[in-house]
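Those protein sequence lines, which keep their order, are chains W and C. Be aware that the first sequence starts at -19, since it is given in our numbering, and climbs by one per residue. Be aware that the second sequence starts at 120, since it is given in our numbering, and climbs by one per residue.
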Amino acid sequence: MIAVWIIVAIVVIFLAFLAGNYNGLVGLRNQVKNAWAQIDVQLKRRHDLIPNLVETVRGYMTHERGTLEAVTKARNVAQQLSSAGAGERGKAEGELSVALGRLLAVAESYPDLKANQNFLALQEELTSTENKISFSRQFYNDSVLKFNNKTQMFPSNIIAGMFSFKAGEFFEVTVPEQREAPKVSFT
Amino acid sequence: MWEQIRSNQIRSAVLVAAIAVLLLLLGYFLGLYFFSSGIGGLVIAFVVWAIMSLIAYYQGDSILLSLSRARKIGPDDYPRLYNVVEEMKIASGLEKMPDVYIIDDPALNAFATGRDPSRASVAITSGLLQKLNRDELQGVIGHEISHVKNRDVLLMAICSVMLGTIVILAWYASRFLIFGGMAGSRRSSSRDSGGAGAAQVVILAVGLILMILAPILAQLIYYAISRKREYLADASSALYTRYPEGLASALEKLGASTQQLKSANQATAPMYIINPLHKEGIKASDLTSTHPPISERVRILRTMAGGASFSDYEKAYRQVHSAGRGILSTAAVSGAGAVSVRPASPAEPGGVESVSEKVTRTREVSDVMLRLNKYRTVDCTCGAKWKIPPGFPDDSILCTRCGRRLKI
Chain W
-19 MIAVWIIVAI VVIFLAFLAG NYNGLVGLRN QVKNAWAQID VQLKRRHDLI
31 PNLVETVRGY MTHERGTLEA VTKARNVAQQ LSSAGAGERG KAEGELSVAL
81 GRLLAVAESY PDLKANQNFL ALQEELTSTE NKISFSRQFY NDSVLKFNNK
131 TQMFPSNIIA GMFSFKAGEF FEVTVPEQRE APKVSFT
Chain C
120 MWEQIRSNQI RSAVLVAAIA VLLLLLGYFL GLYFFSSGIG GLVIAFVVWA
170 IMSLIAYYQG DSILLSLSRA RKIGPDDYPR LYNVVEEMKI ASGLEKMPDV
220 YIIDDPALNA FATGRDPSRA SVAITSGLLQ KLNRDELQGV IGHEISHVKN
270 RDVLLMAICS VMLGTIVILA WYASRFLIFG GMAGSRRSSS RDSGGAGAAQ
320 VVILAVGLIL MILAPILAQL IYYAISRKRE YLADASSALY TRYPEGLASA
370 LEKLGASTQQ LKSANQATAP MYIINPLHKE GIKASDLTST HPPISERVRI
420 LRTMAGGASF SDYEKAYRQV HSAGRGILST AAVSGAGAVS VRPASPAEPG
470 GVESVSEKVT RTREVSDVML RLNKYRTVDC TCGAKWKIPP GFPDDSILCT
520 RCGRRLKI
């Protein structure tokens, strides 16, 4: 009789362990998905803001055609790749960030532009969107790290293997140019 | 992060339980004394507590917001503030955007409220909003959002309600004792057995001691919980923003101000980023403060060289205190990987200017004015700039800074 109870107890403990770990994994996977959606929202917002910015700036920056074209081109490339994987997309968005950073740095030397209310509002929106992108990336990567730790660490890795939870991919924005400071010329 | 919250919850739960035990003991002994039944006292204590809790739970945030005369703002009213709150919401992984409020008061402060993360509000005084640059504002909002994320608001509400109940019970009991003392003693003398009389004396003594000590003890525990949560919120803010310097320099500005917030009181004090009731010249490091001293919080944040994780905060805390015991739980500190600090944001147009910028601008303007009045300028090699008034007789002047003779 006692043996039966012990077996029952072991089965119950095992099931509880299974359920706890499984739910934990699902929760983390959903958090990763949610965090990815958050990045997506912010990147889309940036793509939407850029044509507006280029239109506002064009009239003032007649000598910066190259800079403006670089931003538009980087934006179009990034938008085309918006359904690609994290790695490829990160590269395109990184290039857009660099081009945009250069444009905003150049804008500093146009006093008329800096007095334009429309431009100031756009600049605030863009600065904030850049921050939101990096914060959502930060949260996404933290979530992926937690999820990956759980899928690879004992004992939850057993459950992850049983139900085929796959490790997530980090979202890195890595462009070689990004390590250099943007070149600004005040002429 | 979750480990952090969980283990802090256990520690806080012990302290909350201590306040609850105090409340129950007080109720029991007061009941024994006044109605000769401990259960009756327990019931009264429980009813008072339940009513206050229900009000605090369902109306607490709106009461607090209307008491502090905060008004709700949208994304178009204060774009920078709204954006920064949204940035911190994203960084902390909060599901829902908190409501943003402004308090029109020149005093510098900010607080967060809301019983759960999906019904949160963040409020900031207009004075503080004006004083802070973007990085500093991020630090302050990160601190407030982490109060929401770590469920400090709910915890502090539970504690302050219990503390309030204890204070109310003790106050009424002491009034009854003073004005109704005769009735009590007559009732006890009508009973004849000596054993019951001795028990009465013991109960009276315990009741009296509890009546005096319970409010004080409860308050000390309340302060202890509050200070612990402030450190945790600072550490979380550094982790969210990846930039401890932002919060550090914001705290410095907050600490330098001497204005008291008009609409704050003792009960709502732990909700604010710094103690709104602080007075000049009083050191806040003693036990009877809701917040750790600002200078110490700044020092810890500045000591977090090169890292923004909880373990960096923990290390900095130990360094500042030169003590073996840290402030955060070990599970949280060991769990996270290395986190690096991001660089400062570039200076923003229309933002806060530093003093040197103002000085150079003033100098430029005065130079223009002098030139208009036909002054001539001579630059010395030591960096000084001499302004020569029109009609100056000599053809050279002595630079009083370095002693060279300058030709005009």
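Just so you know, even glycine gets a beta-carbon here, dropped at the ideal spot from N, CA and C. All values derive from a computational prediction rather than experimental measurement.
Pairwise C-alpha distance: arginine 82/W and proline 156/W: Note on proline 156/W: pLDDT 44, under 50, position unreliable in the model; the coordinate value appears next. Approximately 15 Å, taken between the alpha carbons.
Assigned secondary structure, leucine 517/C (DSSP; H/G/I helix, E/B strand, else coil): The answer is strand: DSSP assigns leucine 517/C an E or B state.
What number of angstroms, rounded off, separates the C-alpha of valine -16/W from the C-alpha of leucine -2/W? Those two C-alpha atoms are separated by around 21 Å.
Could you say which of Ala226/C, Gly326/C, Lys347/C lies nearest to serine 106/C if we only look at CA atoms? What is shown of chain C runs 120 to 527, which leaves residue 106/C out entirely.
Per-residue DSSP class, three states only, for leucine 604/C: Because residue 604/C is not part of the residues shown, which for chain C are 120 to 527, the question remains open.
Measuring straight from C-alpha to C-alpha, what distance separates arginine 524/C and valine 484/C? C-alpha separation (whole angstroms): 27 Å.
Is glycine 212/C close to chain W, meaning its C-beta is less than 8 Å from at least one C-beta of that chain? Yes, glycine 212/C counts as interfacial toward chain W.
Going by DSSP, name the residue or residues bridged to lysine 506/C. Answer by DSSP bridge pairing, in chain order: Thr496/C.
Proximity test, Cβ basis, 8 Å: asparagine 252/C and chain W: With 8 Å as the cut-off, asparagine 252/C does not count as an interface residue toward chain W.
For a cutoff of 8 Å on Cβ pairs, would you count isoleucine 243/C as touching chain W? Not an interface residue.
Enclosing beta strand (DSSP E) for lysine 191/C [first to last residue]: Per DSSP, the unbroken beta strand (DSSP E) holding lysine 191/C starts and ends at 189 to 192.
Beta-carbon proximity list for tryptophan 168/C, same chain, < 8 Å, skipping 5 on both sides: So the qualifying residues of the chain are Leu142, Val280, Met281, Thr284.
Please list, in chain order, the residues of the stretch 192 to 203 of chain C that have any C-beta partner in chain W closer than 7 Å. When C-beta distances to chain W are compared with 7 Å, the residues of the stretch 192 to 203 of chain C below that value are Pro198, Arg199, Asn202, in chain order.
Can you list, in chain order, the residues of its chain whose CB lies under 6 Å from that of isoleucine 210/C, leaving out five sequence neighbours each side? The question names isoleucine, but residue 210/C in the sequence shown is alanine. Answer for alanine 210/C: Tyr359, listed in chain order.
Taking only runs of the alpha helix (DSSP H) that begin and end inside the stretch 109 to 161 of chain W, which ones reach a length of at least 4 residues, in chain order? Contiguous alpha helix (DSSP H) elements confined to the stretch 109 to 161 of chain W occur at 136 to 142, taking only those with 4 or more residues.
Below-8 Å beta-carbon distance, valine 133/C vs any chain W residue: No, valine 133/C does not count as interfacial toward chain W.
Between which two residues does the beta strand (DSSP E) carrying alanine 229/C extend? It spans 229 to 232 - the beta strand (DSSP E) in which alanine 229/C sits, taken as one unbroken run.
What is the rounded straight-line gap between the Cα of leucine 84/W and the Cα of glycine 0/W? In a straight line, the C-alpha of leucine 84/W is about 49 Å away from that of glycine 0/W.
Kindly indicate which three-state DSSP category serine 156/C falls into: helix, strand or coil? Correct three-state label for serine 156/C: coil.
Tell me, please, which residues DSSP counts as bridged to valine 241/C. Its beta-bridge partners are Val219/C, Ala231/C.
Evaluate glutamate 68/W with the Cβ neighbour count: other Cβ atoms within 10 Å of its Cβ, from every protein chain shown; 16 or more gives buried, anything less gives exposed. So glutamate 68/W counts as exposed.
Taking C-alpha atoms, which residue in Gly150/C, Ala231/C, Ile222/C lies nearest to phenylalanine 295/C? Looking at the Cα atoms, Gly150/C is the closest of the given residues.
Cα-Cα separation, alanine 324/C to asparagine 137/W: If I take the Cα positions, the gap works out to 60 Å.
Please list, in chain order, all residues of the same chain as proline 468/C whose beta carbon is under 8 Å from its beta carbon, the five residues on each side excluded. For proline 468/C, the pLDDT reaches just 43, beneath the cut-off of 50, and the residue's location in the model is therefore unreliable, leaving the point undetermined.
Interface residues of chain W facing arginine 361/C [CB-CB closer than 8 Å]: The contacting residues are Gln118.
With a cut-off of 8 Å, do at least 3 Cβ pairs link the stretch 10 to 22 of chain W to the stretch 118 to 128 of chain W? At 8 Å Cβ cutoff, the stretches touch.
Does asparagine 98/W have its Cβ less than 8 Å from a Cβ in chain C? Residue-level contact by beta carbon fails for asparagine 98/W and chain C, as no gap is shorter than 8 Å.
Beta-carbon contacts of leucine 184/C that lie in its chain and below 8 Å, excluding the five residues immediately before and after: Once the five neighbours on either side are set aside, the close Cβ partners of leucine 184/C are Tyr220, Thr232, Ser240, Ala242.
Under 7 Å Cβ-Cβ, which residues of chain C neighbour glutamine 18/W? What glutamine 18/W touches in chain C: Ile209.
Note down the Cα distance separating serine 144/W from phenylalanine -6/W, rounded to an integer number of angstroms. Cα to Cα, the separation comes out at about 19 Å.
Looking at chain W, is there any beta carbon in it that lies within less than 8 Å of the beta carbon of glutamate 263/C? By this cut-off, glutamate 263/C is not an interface position.
Which of the three DSSP states, helix, strand or coil, is assigned to tyrosine 391/C? In the displayed model, tyrosine 391/C falls within a strand according to three-state DSSP.
Check whether the stretch 36 to 44 of chain W touches the stretch 63 to 80 of chain W, taking contact to mean three or more Cβ pairs, one atom from each stretch, closer than 8 Å. No, the stretch 36 to 44 of chain W does not touch the stretch 63 to 80 of chain W.
Can you tell me whether glycine 426/C is helix, strand or coil according to DSSP? DSSP places glycine 426/C in strand when its eight states are reduced to three.
What residues from chain W crowd round glutamate 205/C, counting only those whose CB sits closer than 8 Å? For the C-beta of glutamate 205/C, the chain W residues within less than 8 Å are, from N- to C-terminus, Ser108, Lys112.
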